[in-house]
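Trainee:
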Amino acid sequence: MKKLLASDYDNTLKNQGVVSKEDMKAIEKWRENGNLFVVVTGRFEKPEELLIPIDACICCSGNKVVLDDRNEYVYFGSNAELAGLAKECVKHESTDNVFNICTPNGNFRFGFADLVKNDFSQLGDIPEFLQVSLLFDNDVDCEKVCESIRENVDGLNVLQNGRCVDVLPQKMNKAVGIRDFADKRGIEEKNIITVGDAMNDYDMLKSYNGYVIEHGHPELIRAIGQTTKSVARLISVYNKK
Numbered sequence: 002m003k004k005l006l007a008s009d010y011d012n013t014l015k016n017q018g019v020v021s022k023e024d025m026k027a028i029e030k031w032r033e034n035g036n037l038f039v040v041v042t043g044r045f046e047k048p049e050e051l052l053i054p055i056d057a058c059i060c061c062s063g064n065k066v067v068l069d070d071r072n073e074y075v076y077f078g079s080n081a082e083l084a085g086l087a088k089e090c091v092k093h094e095s096t097d098n099v100f101n102i103c104t105p106n107g108n109f110r111f112g113f114a115d116l117v118k119n120d121f122s123q124l125g126d127i128p129e130f131l132q133v134s135l136l137f138d139n140d141v142d143c144e145k146v147c148e149s150i151r152e153n154v155d156g157l158n159v160l161q162n163g164r165c166v167d168v169l170p171q172k173m174n175k176a177v178g179i180r181d182f183a184d185k186r187g188i189e190e191k192n193i194i195t196v197g198d199a200m201n202d203y204d205m206l207k208s209y210n211g212y213v214i215e216h217g218h219p220e221l222i223r224a225i226g227q228t229t230k231s232v233a234r235l236i237s238v239y240n241k242k
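Numbering of the sequence shown is given in the numbering used here, commencing with residue 2 and proceeding in unit increments.
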């Protein structure tokens, strides 16, 4: 029976800037055996930019899928007010930060300083977005911004990963993106395996046979209850089943 392995990218598959040769070989063998391997990330990357053998990149934290043949499809955008979202971020952060926006029609970057200078008017030209991403100086500042957005801007799902925050439409997360991709490929839920390291991976790990990388977030390890040393080690376990 065909299986789908969905892996987070940073600090799960890629560690210290590289994907190990062991993981690469295991992924290649996994796919040769007729199974599927996808990366699920908060990044905006396309498959060829990851330089690994995959069937798709589920990016924007589940809200956009780019297939290995470069065809892509998106789920749905949020029409939540971007200016209101940006103003909440500016309250807690210096104006040297950058507001990164992924939309169905492309990606945009705005410096906080320019947004403030122009009274956030640039954001009025963007009717909907798939994900907004920001990077802060430390975890504490990032957590404050997340709390502020949740309290003051409706219709959003706010995901923190260390110093990074990803903001999506309310019902979107990595688990939703995986489920839709699996449905299109005819893969049953029981044959989906997931692996990640941070709290923004919780939904996908809780939903589908989830494992936490051994160096992952302690709270996530407690919540999920299953760990693995590496993607290659996890593949070896399922190759035996």
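Positions of the beta carbon are idealized from the N, C-alpha and C atoms, including for glycine.
For PHE45, which three-state DSSP category applies?
Mentor: Stepping through the sequence shown from its first residue, residue 45 is reached at position 44. Coil at PHE45, not helix or strand.
Trainee: Report buried or exposed for LEU52, applying the criterion of at least 16 other Cβ atoms within 10 angstroms of its Cβ.
Mentor: Position 51 of the sequence shown holds residue 52. Answer is exposed; the Cβ neighbour count stays below 16.
Trainee: From the DSSP output, read off the bridge partner residues of LEU68.
Mentor: For this step, residue 68 is matched to residue 67 along the sequence shown. ALA57, per the DSSP bridge assignment.
Trainee: Taking Cβ positions, are GLY78 and ASN174 nearer each other than 8 Å?
Mentor: Stepping through the sequence shown from its first residue, residue 78 is reached at position 77. Stepping through the sequence shown from its first residue, residue 174 is reached at position 173. For the pair GLY78 and ASN174, the CB atoms are not nearer than the 8 Å cut-off.
Trainee: Can you tell me which of the three DSSP states ILE102 falls into?
Mentor: For the purposes of this step, residue 102 is taken as the residue at position 101 of the sequence shown. Three-state result, ILE102: strand.
Trainee: Roughly how many angstroms separate the alpha carbons of GLY226 and ASP120, rounded to a whole number?
Mentor: Taking the first residue of the sequence shown as 1, we reach residue 226 at position 225. Taking the first residue of the sequence shown as 1, we reach residue 120 at position 119. Using only the alpha carbons, I get a separation of about 47 Å.
Trainee: Spell out a yes or no on whether the segment 179–190 and the segment 157–166 are touching, meaning 3 or more CB-CB pairs, one atom from each, closer than 8 Å.
Mentor: Counting C-beta pairs with one atom in each stretch, the segment 179–190 and the segment 157–166 have fewer than three that are closer than 8 Å, which means they do not touch.
Trainee: Does DSSP put ASN192 in a helix, in a strand, or in coil?
Mentor: Within the sequence shown, residue 192 is the residue found at index 191, counting from 1. Helix at ASN192.
Trainee: Quick one: any contact between the segment 136–154 and the segment 188–204, if contact means 3 or more CB pairs under 8 Å?
Mentor: no
Trainee: When the Cα of ALA114 is compared with those of ASN98, VAL196, LYS172 and ILE55, which residue comes out closest?
Mentor: Reading the sequence shown from its first residue, position 113 is the one you call residue 114. Nearest C-alpha to ALA114: ASN98.
Trainee: 8 Å is my cut-off, CB to CB: does GLY63 come that close to chain B?
Mentor: Here there is only one protein chain, and chain B is not present.
Trainee: Thinking just about the alpha-carbon of each residue, which of ALA84, LEU5 and GLY18 is nearest to the one in CYS58?
Mentor: Position 57 of the sequence shown, counting from 1, holds the residue named residue 58. Ranking ALA84, LEU5 and GLY18 by Cα distance to CYS58 puts LEU5 first.
Trainee: Kindly indicate which three-state DSSP category GLU148 falls into: helix, strand or coil?
Mentor: As a first step, residue 148 is located in the sequence shown; it is residue number 147 there, counting from the start. Here GLU148 carries a helix assignment [DSSP, helix/strand/coil].
Trainee: Which word fits TYR74, buried or exposed, when buried means at least 16 other C-beta atoms lie within 10 angstroms of its C-beta?
Mentor: Counting from one through the sequence shown, the residue named residue 74 turns up at place 73. That one is exposed.
Trainee: I'd like the ranges of any beta strand (DSSP E) spanning at least 3 consecutive residues and lying wholly in the segment 205–241.
Mentor: 211–214
Trainee: Less than 8 Å between the beta carbons of GLY13 and ILE214, yes or no?
Mentor: As a working note, residue 13 is residue 12 in the sequence shown. As a working note, residue 214 is residue 213 in the sequence shown. The sequence as given places Thr at residue 13; Gly does not occur at that position. Contact: yes.
Trainee: Specify the secondary structure class of ALA7 as computed by DSSP and reduced to three states.
Mentor: Against the sequence shown, residue 7 aligns to sequence position 6. Looking at ALA7 - three-state DSSP - the assignment turns out to be strand.
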